[in-house]
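S.K.: Following this message is one structure expressed as structure tokens.
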Ligand SMILES: N[C@@H](CCC(=O)N[C@@H](CS)C(=O)NCC(=O)O)C(=O)O
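Numbering (the working numbering), first residue to last: 27 to 421.
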């Protein structure tokens, strides 16, 4: 089960003050009550009690309001100078999940790992010099918009499709990290070969996703009268399908590779050939801080060009002596590409590559041969190989 989303609460100082104030008032009330025993005194005591209690309530409300104002001011400050806030705080607040192998998952030791997680790690290495300096927020897919809009998180990377409405309402999308499309998985026993045969089928889907919206479009477009069975948490969606509560399950197609591996009867399931949507999966940051947005884009460009130039976690130190001018610039050994202007160390990419690796290493470790076994082909290859993984030049 996922921990509830962390919320900003009263400051410790305010809580301590409120507690101390309550103790003082309670002591005064006890003294009055213990020393007064006549009827008139009793009335006076009750009045005094009521007045004191009202004072405590007013005081607590005032503290709560002041704390809300402090919290709002802190978030406003974080939203306009996020790099400074992160560096003062010493951690990057990254929203992601923990239940989808390949993309975001907990390993046997309880470490958060995955393709999406590694971008958070790369950004933490760039701005803090430490890929582990991350405060993870595990949220439901339907909580992604609110998490960004509140400004409480620095970065969200959680199999999130870049759409126009989200771009307007949620935050700023950095370059696409993985190109996907929505598909369907069903049991072979159903005996169908295409999603257009899912007439009146019950289809499991997670709330607040593009999958839910696309499913409705697809059903209407093909007159299928599909019955969506909607769950708030994606692990519940998968369990429900696995338990036979739905005829099929729908989401981003690459994710099925991870799910099937987890099933005890993988041979009984089939991913249908239909791809019903475009799902460019993309990291994003809250609106309101252009410099922070630029930093995330520069880190992404850095890991992509590191792969293109053949710089990886094993050879990064030696590569600083390379004769290749572009490699030298990437590693901060010569020239610059705006690192210092944006507030980063000139050699921040050395930390990123050493601790997290280049784009290709990140792909292979999580999604490819060392991960869930998704071959890297087509759009998710580098532009040099005919794919769409590309970034603006670092110069
Ligand atoms: N790309 C989609 C989210 C798709 C997604 O991440 N779906 C997975 C979570 S890994 C899911 O819902 N799995 C359960 C299911 O198959 O419906 C979006 O941005 O809304």
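Ideal Cβ placement from N, Cα and C applies to all residues, glycine included. Bear in mind that the values here come from a model prediction, so they are computed numbers and not experimental data.
Which residue or residues does DSSP assign as beta-bridge partners of residue 198?
M.R.: For the purposes of this step, residue 198 is taken as residue 172 along the chain shown, with counting starting at 1. Residue 198 is bridged to 311.
S.K.: Do you know offhand how far residue 242's Cα is from residue 275's?
M.R.: Taking the first residue of the chain shown as position 1, residue 242 is located at position 216. Taking the first residue of the chain shown as position 1, residue 275 is located at position 249. One C-alpha to the other measures close to 13 Å.
S.K.: If we ignore side chains and look at the alpha-carbon of each, how far apart do residue 159 and residue 387 end up?
M.R.: Counting from 1 along the chain shown, the entry for residue 159 is found at position 133. Counting from 1 along the chain shown, the entry for residue 387 is found at position 361. Roughly 21 Å separates the two Cα atoms.
S.K.: Whole angstroms is fine: what's the gap from residue 266's alpha carbon to residue 416's?
M.R.: For the purposes of this step, residue 266 is taken as residue 240 along the chain shown, with counting starting at 1. For the purposes of this step, residue 416 is taken as residue 390 along the chain shown, with counting starting at 1. Looking at the two C-alpha atoms, the distance is approximately 38 Å.
S.K.: Straight-line CA distance for residue 280 to residue 400?
M.R.: For the purposes of this step, residue 280 is taken as residue 254 along the chain shown, with counting starting at 1. For the purposes of this step, residue 400 is taken as residue 374 along the chain shown, with counting starting at 1. The alpha-carbon atoms of residue 280 and residue 400 are separated by roughly 7 Å.
S.K.: Among the residues of its own chain, which have a CB less than 8 Å from the CB of residue 296, if the five just before and after it don't count?
M.R.: On the chain shown, residue 296 is found 270 positions in, with the first residue counted as 1. Closer than 8 Å at the Cβ level, and outside the excluded window around residue 296, lie 211, 212, 213, 214.
S.K.: Can you tell which of 340, 312, 186 has the C-alpha that lies nearest to the C-alpha of residue 122?
M.R.: Locating residue 122 in the chain shown gives position 96, counting from the first residue. The residue with the shortest Cα to Cα distance from residue 122 is 186.
S.K.: Looking only at its chain, what residues have a beta carbon closer than 7 Å to the beta carbon of residue 412, apart from the 5 residues adjacent to it on each side?
M.R.: Translated into positions along the chain shown, residue 412 becomes position 386. Taken in chain order, the list of residues that qualify is empty.
S.K.: For ligand 1, is there a heavy atom less than 8 Å away from the beta-carbon of residue 286?
M.R.: Mapped onto the chain shown, residue 286 falls at position 260. No - ligand 1 has no heavy atom lying nearer than 8 Å to the Cβ of residue 286.
S.K.: By the three-class DSSP mapping on this structure, what secondary structure does residue 1 have?
M.R.: Since the first residue shown for the chain is 27 and the last is 421, residue 1 is missing from the structure and cannot be characterised.
S.K.: Could you name the residues that DSSP lists as bridge partners for residue 131?
M.R.: Here residue 131 refers to the residue found at position 105 when the chain shown is read from its first residue. 125, 139, per the DSSP bridge assignment.
S.K.: Going straight from the alpha carbon of residue 244 to that of residue 236, what length do you get?
M.R.: As a first step, residue 244 must be located in the chain shown, where it is residue number 218. As a first step, residue 236 must be located in the chain shown, where it is residue number 210. Cα to Cα, the separation comes out at about 12 Å.
S.K.: Does residue 324 come out as helix, strand or coil in the three-state DSSP assignment?
M.R.: Translated into the one-based positions of the chain shown, residue 324 becomes position 298. Looking at residue 324 - three-state DSSP - the assignment turns out to be helix.
S.K.: With 16 as the cutoff for other CB atoms within 10 Å, does residue 410 come out buried or exposed?
M.R.: Residue numbering aside, residue 410 sits at position 384 when the chain shown is read from its first letter. It is exposed - the Cβ of residue 410 has fewer than 16 other Cβ atoms within 10 Å.
S.K.: Taking the alpha-carbon positions, what's the residue 169 to residue 361 distance?
M.R.: The sequence position of residue 169 within the chain shown is 143, counting from 1. The sequence position of residue 361 within the chain shown is 335, counting from 1. Their backbone Cα atoms lie some 42 Å apart in a straight line.
S.K.: Could you tell me the distance, in whole angstroms, from the CA atom of residue 342 to the CA atom of residue 379?
M.R.: Translated into the one-based positions of the chain shown, residue 342 becomes position 316. Translated into the one-based positions of the chain shown, residue 379 becomes position 353. In a straight line, the C-alpha of residue 342 is about 7 Å away from that of residue 379.
S.K.: Specify whether the segment 123-140 and the segment 338-352 touch according to this definition: at least 3 beta carbon pairs, one from each stretch, less than 8 Å apart.
M.R.: No, because fewer than three Cβ pairs between the segment 123-140 and the segment 338-352 fall closer than 8 Å, the two stretches do not touch.
S.K.: Given that a residue counts as buried once 16 or more other Cβ atoms are within 10 Å of its Cβ, and exposed if not, what is residue 312?
M.R.: Position 286 of the chain shown, counting from 1, holds the residue named residue 312. Residue 312 comes out buried.
S.K.: Per DSSP, which residues does residue 231 bridge with? Please list them.
M.R.: Against the chain shown, residue 231 aligns to sequence position 205. Partner(s): 256.
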